[in-house]
């Protein structure tokens, strides 16, 4: 007996024999579902939502449960709320009737375009961790001096290292390693201070891992500590996403689940980091234990959760973090599976909402070393802004919401194949044409584009184009007076159809709704007004450079973003997209210890501006939400706009 | 139905209903059996040996198994070898017939006289850990500075503490603790360097724990870090005893059980330390977490095993230890359950067989500060000797074996009630009289003394008296030509009956055998010849002080020991019994950080003499094994001997 199975949002469908697991069906259809544990009911990654209740009438024959029962092991993995919502593990759920299965973003695999590629950095190689090869005279009855002291003598004689201590884990294996290696050994020393590893014989490899914990993506850069070269880049979705898309919802999760919430989130990210470390090391045929040190950046909430610090207070006024300064913690104490005695260096943070990721950006972009006035905007779920130059730096944070990353947008999705990333609207016909990631062709309104949703750069394009075509009014409302089948009301909410059902992989029209416009208005309003207040704080009317950082920053269209008013108007050649500068900063700190001191000094130097304390912030914010903000004052922007919108990006 | 149960070595017996567990029977009879887990089949402490095969004929009616079967849970706890030897857990073994149960020393509780009472020490109070009370201004939007930095500002302003770091465990609770205490907090700081605890409000208590890990006994001194007072003394048998009575047998256990041996031994001692910490803290109504720091001494093998270092190489020439220097390790990393961020300071060691316990002795006895020449003998399973003064110190170690502690002696036992501790022998009748611990009366050969065995001081008395009565010849043989029912042959081994069966609690005669004499000869020969070689090394003929340390040292008779030739002859007023100096040293290091530096300097200063390298060691050793060694050269010792042997102890 066969049943129909349909996967959402991909829309893929097939007939499968009764008893097939959902995971097997997905594999057959090429629907990517995460299942790292190999169907062992361990990883819990393959969560899907069974939606037969919402099954299109033509596809479902009855409303009874069309899947097998939850077994005990699955029961343990699923949370109560999940069970109530018909969430199941694809690997252990068998098909017993026609079903519609929704695959949440968090469960989807596939060739995500993670924009967190390592940037080019220029840094003097001066790592915290060095390796030294020594040969020792073996002990004898005349010279029965201890192994450690013997080793120190050799290190002092050969490399002038003195007053070394030794980690207790290394001490445990020291006698055996020295004897196995016939008194020839390679010693890994941290900060010329502590022995963190001893290996028999001569070992040249010396690697570290720089990690950038984003709210959405975690990226790791396996780095050669001798050459500075990036040996492997590994990234993955932040496993905490299943606990909440944005920082505030995760903080809320910790607060609502006082006993275990923080621990769950901490374990999730540590497991994620361990996976990255393992994959990165194994991709170059090394073991995670070969990673001698790790540097970490992340926003303040990610930072606190990683360290197991209650993040509640950074979510409440006055938003004081638990600490600003950088931390050095033994990997073992955090449960991070690199060299157990290896150090985890966590960069300092500036304020409750200006985190170590921002410090990383500063290290990479170095506004503090420039005479030129830089406005640095790191766009994520929060916008973190720094303005200044070598004389003075101020920072602030504004809640942009996750809209600019494609979340909280009706058809928002991350930058992955099938996501609309560029769009143009014909001002006369009001007909759109768009490109999806993974396909160079522009859409024609007829062809099946396998479109799945709209990513961050796509939504900016869409909204800028909708405004230019008059579909969005200055106040953000959708002009329903316009005659087009694409402009319609869905209940009381106006929307614009970007892709007809026939073009999509998800079996429904893809639209931009008034709610989406409002979400983007809030984001761009926040960024823009924050920029203005920062400039006023420093008493300047214009900056010399605009550095836009963030995974997001790589894909947006400079012109469209300026049209929308995401950042103050300036000459386009002043605008630089600096990519994942936070991750670059983590690599810099990994490769050069002096940069850690620089980061520390920087974090202390940057003055934090609390926007909530600015009397006119709400007024400026309200103004900045208008469309388009800058045209009146900087009409030359309009000239830059071409129908193809070939900006400088 | 009732059965007879007899406990060995106490000899207590009773009739109990069928099905009674051995543990319950023991409790009813007042036979002390360790059972810390409360009969939960977890701790495995209540191991007993079922001996119905050796049951006296009049007490047993059949040779079949008279106890219940081993169940699964018990099976897991018992080692293979134990099962073969009829070892069972008293808590889960029920009586199904008449049984004889042997309670091994390791299983016995009861009022052991542990001679590890804290000695008087004189030390300036300057602990590594101090507590500071601060009140902080709460954060505000105008001043949203981080909690840690806020705390540091207050500590700097009030106490001039700067550049503090914070342990990651403290950081985790910092935000909540500060807010709970309404921004008033007590901060525990280690070495004026690291914050290791934050408590809400004002807390005055500041305590530490000094631990002395002996091969046989572990002692802990809970110490007030403000007054220096000992708040509680806790001691227990070293739980490693079940893996081997002496150091070498434990090292062998590690070598034979490569995978798990070391880990088992390490876990055993850590569990022991945790028990001591818990009991000590709870005895003064505190929690183990209130213990802010711990100092530890122990011989090199105990030191290595505690740290999880393979001890194999300290048991093999050239006996090189893994390290000499002191270690500071977070309690959490060792699994020691005091304050998780608290420090464990392990004192330095001198050589493979001269351990941190000896360094502790030096700290307590301070020979390095005296002009007078001191011979310091720390008697344990190994003898550790130091000779010298403020100009020079040399040390050596000799294998005394456990005989002087009462082990490897046929009827040897630790100093506990029922142990013979003093003995005299009438030179004419060859009849002995003795005292047992816990009873002031001298024996008369008839009265039931509830005698159980002979402890260390008893065996020295016995052998010195046997020699003086002519029972032992100069070469150590027992003179079987003498006419006495007490001198007899047991197979091919001669023995002397100290107590008739009727006087004992163990239902058999207590004897001193030729083997016992040999074991003592080896021990005293080693100590004596080591002393001589040390003196020769320093070119001296006499010392000014003889300091005898060790739990053992408290109970021996100065004169008898000198008669036996345990240490070189000297005026009795030069002899000081300094008690558990190792433990005193641990307390000194706990109370004063400068003393840790002193210990470090000391460990480096003491020159180690490897006796095995001395050409004539074997000759000297052979000579020193004779009885009595010193009479020819120092006949005045003979004058000191009185029949009652009232020495100066």
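Protein chains in written order, with our numbering: chain V, 1 to 649; chain B, 1001 to 1649.
Positions of the beta carbon are idealized from the N, C-alpha and C atoms, including for glycine.
Contacts around residue i, its chain only, beta-carbon distance under 7 Å, and the 5 residues preceding and following it disregarded
i	result
residue 1540(B)	1373
Nonlocal neighbours in the same chain, by C-beta distance under 8 Å from residue i, ignoring five residues either side
i	result
residue 475(V)	626 and 627
residue 57(V)	Summary for residue 57(V): the model assigns pLDDT 42, below 50, so the residue's position carries little reliability; its value from the coordinates is reported in the next sentence. Taken in chain order, the list of residues that qualify is empty.
residue 1202(B)	1133, 1184 and 1186
residue 1206(B)	1127, 1129, 1130, 1131, 1188, 1224, 1225, 1226 and 1292
residue 254(V)	261, 262, 265, 305, 310, 311 and 312
Residue i, enclosing alpha helix (DSSP H) - first and last residue
i	result
residue 1661(B)	Outside the shown range of chain B (1001 to 1649) lies residue 1661(B), about which nothing can therefore be said.
residue 248(V)	247-256
residue 468(V)	456-468
residue 1529(B)	1514-1537
residue 1598(B)	1593-1605
residue 1147(B)	1147-1159
residue 358(V)	356-365
residue 1624(B)	1617-1624
Beta-carbon proximity list for residue i, same chain, < 6 Å, skipping 5 on both sides
i	result
residue 497(V)	486, 509 and 511
residue 25(V)	5 and 16
residue 97(V)	3 and 66
residue 1220(B)	1209, 1211, 1234, 1276 and 1280
residue 1118(B)	1221, 1230 and 1233
Closer than 9 Å at the beta carbon, the chain A residues around residue i
i	result
residue 1319(B)	Although the question refers to chain A, the structure presented lacks it and instead comprises the protein chains V and B.
Closest by C-alpha distance to residue i, when choosing among the options
i	options	result
residue 1674(B)	1375(B), 1341(B), 1385(B) and 1266(B)	Residue coverage of chain B in this structure runs from 1001 to 1649, which leaves residue 1674(B) outside it and unanswerable.
residue 265(V)	241(V), 503(V), 576(V) and 79(V)	241(V)
residue 1246(B)	1330(B), 1608(B) and 1381(B)	1381(B)
residue 1527(B)	1564(B), 1410(B) and 1502(B)	1564(B)
residue 84(V)	48(V), 286(V), 342(V) and 196(V)	48(V)
residue 1542(B)	1445(B), 1286(B), 1304(B) and 1388(B)	1388(B)
residue 1453(B)	1501(B), 1160(B) and 1493(B)	1501(B)
residue 1493(B)	1299(B), 1349(B), 1462(B) and 1516(B)	1516(B)
residue 1181(B)	1136(B), 1142(B), 1432(B) and 1350(B)	1136(B)
residue 1416(B)	1570(B), 1217(B) and 1529(B)	1217(B)
residue 198(V)	168(V), 391(V) and 73(V)	168(V)
residue 1077(B)	1045(B), 1559(B) and 1352(B)	1045(B)
Buried or exposed (CB count within 10 angstroms, at least 16 for buried), residue i
i	result
residue 1447(B)	exposed
residue 127(V)	buried
residue 147(V)	buried
residue 1028(B)	exposed
residue 227(V)	exposed
residue 1019(B)	exposed
residue 1144(B)	buried
residue 557(V)	buried
residue 1619(B)	exposed
residue 250(V)	buried
residue 256(V)	exposed
residue 596(V)	buried
residue 470(V)	exposed
residue 1569(B)	buried
residue 1519(B)	buried
Limits of the unbroken beta strand (DSSP E) element including residue i
i	result
residue 577(V)	575-579
residue 168(V)	Where residue 168(V) is concerned, there is no enclosing beta strand (DSSP E), although the alpha helix (DSSP H) it sits in stretches over 168-180.
residue 1492(B)	It is not in any beta strand (DSSP E) - residue 1492(B) carries neither H nor E in the DSSP assignment.
query: Any contact of the region 360-367 of chain V with the region 304-322 of chain V, i.e. 3+ C-beta pairs under 8 Å?
result: no
query: Is the region 1388-1402 of chain B in contact with the region 1429-1445 of chain B, if contact means three or more CB pairs nearer than 8 Å?
result: In the pairwise beta carbon analysis, the region 1388-1402 of chain B is classified as not touching the region 1429-1445 of chain B: fewer than three pairs are separated by under 8 Å.
task: Decide if the region 1559-1579 of chain B is in contact with the region 1321-1337 of chain B; the criterion is three or more beta carbon pairs, one per stretch, under 8 Å apart.
output: no
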